[in-house]
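Here's the structure, in structure tokens; my notes come after.
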Amino acid sequence: MIVAIDGPAASGKGTLGKRLAAHLRLAHLDTGLLYRAVAHRLLAAGGTLDDEAVAAEAARNLDIRTLDPEALRGPGMGEGASVIAALPAVRAALVELQRDFANQPGGAVLDGRDIGTVICPDAHVKVFVTASAEERARRRHGEFLGRGESVTYEEVLADIRARDARDTARATAPLRPAEDACLLDTTELDIEAAFRAALAIVEAAGQRLASRG
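The UniProt record's numbering puts the first residue of the sequence shown at 1, with every later residue one more than the last.
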């Protein structure tokens with residue numbers, strides 16, 4: 001089974017992806033880490049995020065097994081990933097990598113912004129997770145504070161809104177729900193309630209698949 005989970009920053013899709021993958025005993029890929037890793041490589045080398053050729057080359061040389069999630073979750077990396085993700089050559093370089101992961105034996109859970117629309121349009125389950133910008137900023141701000149990072153709520157909210165605008169307006173693979181995706185608004189839900197709601201969507205899809213034989 002392939003489960004595609006899409007949504008804007010800090011909507012809860014990553015946490016849900018991990019929880020669902022563990023419950024279903026499937027591999028999980030946070031595809032946002034791929035774009036963060038490309039941004040990290042460019043900045044570490046003293047480059048700029050708008051160098052599409054260099055960014056695409058970095059994307060082609062990514063090895064999923066070497067990604068360090070904790071090192072890629074700083075405040076600047078999220079903004080950098082959003083800039084990198086708007087580059088068509090980078091997205092093209094990462095498409096097959098993501099599809100190969102999704103099509104491994106048994107399937108996988110992938111979360112991102114274009115999984116259900118571009119990467120896995122034939123996924124067995126598609127969930128679009130959302131929440132208000134204010135609630136998402138509150139969650140992300142709490143994560144930063146928990147890691148001892150100095151950033152204000154207002155700064156995080158401005159970043160969330162800027163990323164939303166960039167992700168939904170980009171010409172290549174804009175952030176939007178797939179036509180057959182189930183919408184899950186987590187604004188008023190804690191992680192346990194959100195997980196139960198997401199699992200119910202996945203289980204219903206599994207039952208439909210089983211009934212088809």
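Even for Gly, the Cβ is constructed at its ideal location relative to N, Cα and C.
Between the segment 33-48 and the segment 149-162, the count of Cβ pairs shorter than 8 Å is below three; the stretches do not touch.
Closest in alpha carbon position to ARG91, among GLU57, ALA193, ILE2, GLY106, is GLU57.
DSSP, read as helix, strand or coil, puts THR130 in strand. When GLY7, ASP111, ILE84 are compared, the shortest CA-CA separation from HIS28 is found for ASP111. CA-to-CA, the gap between CYS182 and ILE201 works out to about 7 Å. Here the segment 122-137 makes contact with the segment 1-21; the two share three or more CB pairs at distances below 8 Å. Its chain contains ASP30, GLY32, ASP111 as the residues whose beta carbon lies nearer than 8 Å to that of GLY14, once the 5 sequence neighbours on both sides are disregarded; these appear in chain order. Taking the CA atoms as reference points, ARG25 sits about 33 Å from ALA55. Rounded to the nearest angstrom, the Cβ distance from ASP185 to ALA131 is 6 Å, consistent with a contact under 8 Å.
Contact between ILE119 and GLN104 does not hold, since the beta-carbon distance rounds to 14 Å and is not under 8 Å. Under the three-state reduction of DSSP output, LEU175 falls in the coil class, being neither helix nor strand. Counting along the chain, ILE5 sits inside the beta strand (DSSP E) bounded by residues 2-6.
Residue environment analysis places ASP122 among the exposed positions, since fewer than 16 neighbouring C-beta atoms fall within 10 angstroms of its C-beta. In the structure shown, the three-state DSSP call for ALA108 is strand. In this structure, LEU49 sits near ALA39, with a CB-CB distance shorter than 8 Å.
Residue pairing of VAL125 in beta bridges, as defined by DSSP: VAL3.
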